[in-house]
Amino acid sequence: MPMIPLGAQVPARWLLLTCGILAMAGIARPAGAADEGIVDVHTLPRLDGAMEDTSRPDAHRVVYTVPSAVSAASDAARKLLSADGWMPYVYPLDERSAALTFKKGRQGLRVSFTQARGRPDQSAVSYTPNRIYANVPFPDGATNLVFDETRPYLGCIAPGALDATSEFFAKEMAAIGWRRLTPETAARWPNADLGETVPNGLRVFFDHPGGDTTQFYKQKPVMLTLTRRDDGRTNVEIRVAPFALPQELEADDDMAGLPRPKPTKSARSLGSARSNTREMSAAAMAELPAVLAFYQRELAARGWREDGNAPLAAGDDVAIRISNAEETGVLRLGRKYDFTMVSLTAQVKESALAARAKAKKEADARFLGEALGAAQQLIAADDIRRKAQAVSLSDAPLTALADGTTPVPLPENAEGVKFDGGDGRLEFSSASSVKALTAFYRASLKPAGWKEQPSVINQPNMAVMEFARGGKSISMTVMQMGPNVNVSASGSGLVMATAKPAAIPEVQAPSSEPLKLDTESPLPVPTQRSSKSLATTKIPGGEAPLRRELTASIPAPLQDVLAFYRAELSKLGWQEKTDGAAVSADHAQIDFTWPQGPAVLKLGRTKGETTVSLAQKNADVAVKADIMPKAGQARVMLGNMGPKEASLTINKQAVKIAAGAGGPQAPKGPMLDLPPGKYQYAVRTQGQPARTDKLTVAAGDIWGLVVGPSGDVLPLQMY
0 MPMIPLGAQV
10 PARWLLLTCG
20 ILAMAGIARP
30 AGAADEGIVD
40 VHTLPRLDGA
50 MEDTSRPDAH
60 RVVYTVPSAV
70 SAASDAARKL
80 LSADGWMPYV
90 YPLDERSAAL
100 TFKKGRQGLR
110 VSFTQARGRP
120 DQSAVSYTPN
130 RIYANVPFPD
140 GATNLVFDET
150 RPYLGCIAPG
160 ALDATSEFFA
170 KEMAAIGWRR
180 LTPETAARWP
190 NADLGETVPN
200 GLRVFFDHPG
210 GDTTQFYKQK
220 PVMLTLTRRD
230 DGRTNVEIRV
240 APFALPQELE
250 ADDDMAGLPR
260 PKPTKSARSL
270 GSARSNTREM
280 SAAAMAELPA
290 VLAFYQRELA
300 ARGWREDGNA
310 PLAAGDDVAI
320 RISNAEETGV
330 LRLGRKYDFT
340 MVSLTAQVKE
350 SALAARAKAK
360 KEADARFLGE
370 ALGAAQQLIA
380 ADDIRRKAQA
390 VSLSDAPLTA
400 LADGTTPVPL
410 PENAEGVKFD
420 GGDGRLEFSS
430 ASSVKALTAF
440 YRASLKPAGW
450 KEQPSVINQP
460 NMAVMEFARG
470 GKSISMTVMQ
480 MGPNVNVSAS
490 GSGLVMATAK
500 PAAIPEVQAP
510 SSEPLKLDTE
520 SPLPVPTQRS
530 SKSLATTKIP
540 GGEAPLRREL
550 TASIPAPLQD
560 VLAFYRAELS
570 KLGWQEKTDG
580 AAVSADHAQI
590 DFTWPQGPAV
600 LKLGRTKGET
610 TVSLAQKNAD
620 VAVKADIMPK
630 AGQARVMLGN
640 MGPKEASLTI
650 NKQAVKIAAG
660 AGGPQAPKGP
670 MLDLPPGKYQ
680 YAVRTQGQPA
690 RTDKLTVAAG
700 DIWGLVVGPS
710 GDVLPLQMY
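Residue numbers (numbering that gives the first Met the number 0): 0 to 718.
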């Protein structure tokens, strides 16, 4: 069985060393008394050329530098300290450690090495005491020393014959407080068998009744096993007696979804509980029968069954095939030092992989069907809404408003006029159609010497016109927005040095009665209204709404509607953000916060009524779906429900949108982050005319642009 490197757990010896130092710090000692278990590292021999680092004086640590590489310094230190009576050893399962460990009587020492930065010919050497918590004697001249001072464990080859080695341990074990176990002293362990024989050797059991009075923590009984070698030397092993170890193991936390016994010295895993292939290996501090019983119990409880023996690999004592409904695996157990080495592997069956793939394909197909259906419903609903709203727009020819104060004429039904002559900007809305408004401006500006430049955007719901005269220009966008058409114009032809923002005032008649709350509405709205709609956006497959928006038209003054919403939203726990609030006679915009995220209330005036837009965002859903835009940015999510690839151009960026993007194969589809502002975009699909439109985004917004099967583009504010 392959060796398991130390890694997953902190070595118990360091935990015990820390606890021991803390414990000893609390024990009162006579003034000047020395701790015989701790070596004074300042008295130890040092390598030639040593220069001590005194920048951080430490009574329990010495650091010095030598003019040699790490490998040479390590070899020299081993020889130097060995000549001083220190016996080097390695820890079980940690044989490749670069640090050196030594023992001399009841004292321990750890020596570590570091390469000086930028100086391959200079090394730093560190001496640190290492307390021996479970002391056992080392035979003089022993080789292959493996030792753990916390359990204890000792493995080595003694230079003497069996009898001489036996006499050595009988004498030296007694000298440090160990006593040989007898049936009477072993009575507290009912399953202790002291009469077990060893072929070509002997076995003796000891306990250490002295406890802390001899610098020992309470030790478990140990088992000394000596066996003859063909070369006349003796194999030595001291380890905790099997009868003093746990006979029934508890379960530790799973690794890779596989059971792990407690206690283990080290453990590691590959994969996870959902991986097709997974593996767990550990060094269990228990006898093999106890570990085997643990796995038979735990695996059976998880639906695994044994399918006979597997071929034994190097180091295996047990190899068992196992399986459950979806997986096959192999459990391997072997012995190394005083550990039972565990290797447990699991592999998903081909039939289960095929079933999983089929189930995923079916789930993806259902998801895609639902997503396509939802997108088609949204597109159809949006088309119906636009057509219904367009019906109310008038195609009748327009006449200019008398006594206009703007550089270009205004139609007679212009509402919410905003003009800034300093920046050359004009905005207003109208109840006339895009067709009527474009005809009005073409007929009005041509006689005044303005020449129109050709434009590719000239559709029933949107048109862009460019005019030029005498080195000046005017750019106009006429776009249907709900039941109205918005007109925005800019350019040097609108600049007026002395101009001031102008607006046509509106007289708002007072309400005939107080506004009352519609208790059936998910979002607050008065019962006195001429229209109302509620839109909800969700992440495909999700239940919680990402955004909800209520729109309504209220036959009441704006100030009355504003007072209504301030009162009702406050009752719901919404908090008004005073910074950035804008309130005027015909417009209001107030930002709110509610427990799940931001919200905004917008009020305006159209056709003698107050228009309401109340949008509520759920930040928790956006964050969980990993679609929240960066701070100060807006995010545009692109989808394509059509059968062919589409191309979107926006903000000088061209993005390919694969067929099915935004569906289950690519749930999020391409995404763009844009600064707040207005953007014109164009979408092209093979065999379809280019579709152009404009998109206005604000910081924190999430918009979806979904290309439909026919090439239509549905803009949808998702957040």
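Glycine included, every Cβ here is placed at the ideal spot set by N, Cα and C.
Between the C-alpha atoms of L637 and V682, what's the straight-line distance to the nearest angstrom? Roughly 11 Å separates the two Cα atoms.
So what does T691 bridge to, in DSSP terms? A681
Quick one: is E166 buried, meaning 16 or more other Cβ sit within 10 Å of its Cβ, or exposed? exposed
K445, DSSP secondary structure in three states: coil
Would you decide whether P310 is buried or exposed? Buried here means 16 or more other CB atoms lie within 10 Å of its CB. Burial call: exposed.
Terminal residues of the continuous beta strand (DSSP E) containing L108? 106 to 115
Which of the three DSSP states, helix, strand or coil, is assigned to F205? strand
Identify the residues that DSSP records as bridge partners of Y88: which are they? T100
Measure how close the beta-carbons of S280 and V341 come, nearest whole angstrom, since I'm counting them as under 8 Å. 6 Å
With three or more beta-carbon pairs closer than 8 Å as the criterion, would you say the segment 621 to 631 touches the segment 646 to 654? no
Could you round the C-beta distance between I553 and E608 to whole angstroms and report it? I think they count as a contact, below 8 Å. 6 Å
Could you check how far apart the C-beta atoms of I156 and A173 are, in whole angstroms? I think they sit under 8 Å. 23 Å between Cβ atoms; not a contact.
Cβ-Cβ distance between T315 and R304 below 8 Å: Just to set this straight, residue 315 is Asp in the shown sequence, not Thr. For D315 and R304, no; Cβs fall outside 8 Å.
If M461 and M478 are in contact, beta carbons under 8 Å, what's the gap, nearest whole angstrom? Right, the Cβ-Cβ distance comes to about 4 Å (below 8 Å), so this counts as a contact.
Decide if P674 is buried, meaning its Cβ has at least 16 other Cβ atoms within 10 Å, or exposed. exposed
Between W573 and chain D, is the shortest Cβ-Cβ distance under 8 Å, so that the two count as touching? You won't find chain D in this structure, because it holds only one protein chain.
Could you check what DSSP says for Y126 in three-state terms: helix, strand or coil? strand
May I have the straight-line CA-CA distance separating Q375 from G661, to the nearest angstrom? 14 Å
Residues in its own chain within less than 6 Å of T113 by CB, not counting five upstream and five downstream? A123
Could you check how far apart the C-beta atoms of M640 and G707 are, in whole angstroms? I think they sit under 8 Å. 6 Å
Would you kindly check if the distance between the Cβ of R232 and the Cβ of P158 is under 8 Å? yes
Going by DSSP, what residues sit across from L602 in a beta bridge? Partner(s): A587, V611.
Is there contact here, the segment 568 to 580 with the segment 590 to 604, by at least three beta-carbon pairs under 8 Å? yes
Can you tell me where the alpha helix (DSSP H) holding L291 begins and where it ends? Counting along the chain, the alpha helix (DSSP H) containing L291 begins and ends at 287 to 300.
Alpha carbon to alpha carbon, how far is M480 from S428? Give it in angstroms, no decimals. 9 Å
For A543, I'd like the list of residues in its chain whose CB is within less than 8 Å of its CB, leaving aside the five on either flank, ordered along the chain. Counting only Cβ-Cβ distances below 8 Å, and skipping sequence neighbours, we find K537, N617, D619, V620.
Does the beta-carbon of V455 have 16 or more other beta-carbons within 10 angstroms, so that it is buried, or is it exposed? exposed
Where Q246 sits in the DSSP three-state scheme: In the structure shown, Q246 sits in coil (DSSP, three-state: anything other than H, G, I, E or B).
Going by Cα to Cα distance, which pick from K359, L287, G256, Y336 is closest to Q346? G256
Cut-off 7 Å between Cβ atoms - residues of its own chain near K722, not counting five sequence neighbours on either side: Nothing about residue 722 can be read from this structure; the chain reaches only from 0 to 718.
Does DSSP put T739 in a helix, in a strand, or in coil? Residue 739 is absent from the model: the chain starts at 0 and stops at 718.
To which residues of the same chain is P245 closer than 6 Å at the C-beta, ignoring the five residues directly before and after it? Here the set comprises A285.
Taking P525 as the reference, which of F366, V611, K170, T196 has the closest Cα? V611
Span separating the alpha-carbon of I701 from that of R634: Taking the straight line from one Cα to the other gives about 5 Å.
Among K219, D229, T695, K360, which has the Cα closest to the Cα of N199? D229
In three-state DSSP terms, what is F418? strand
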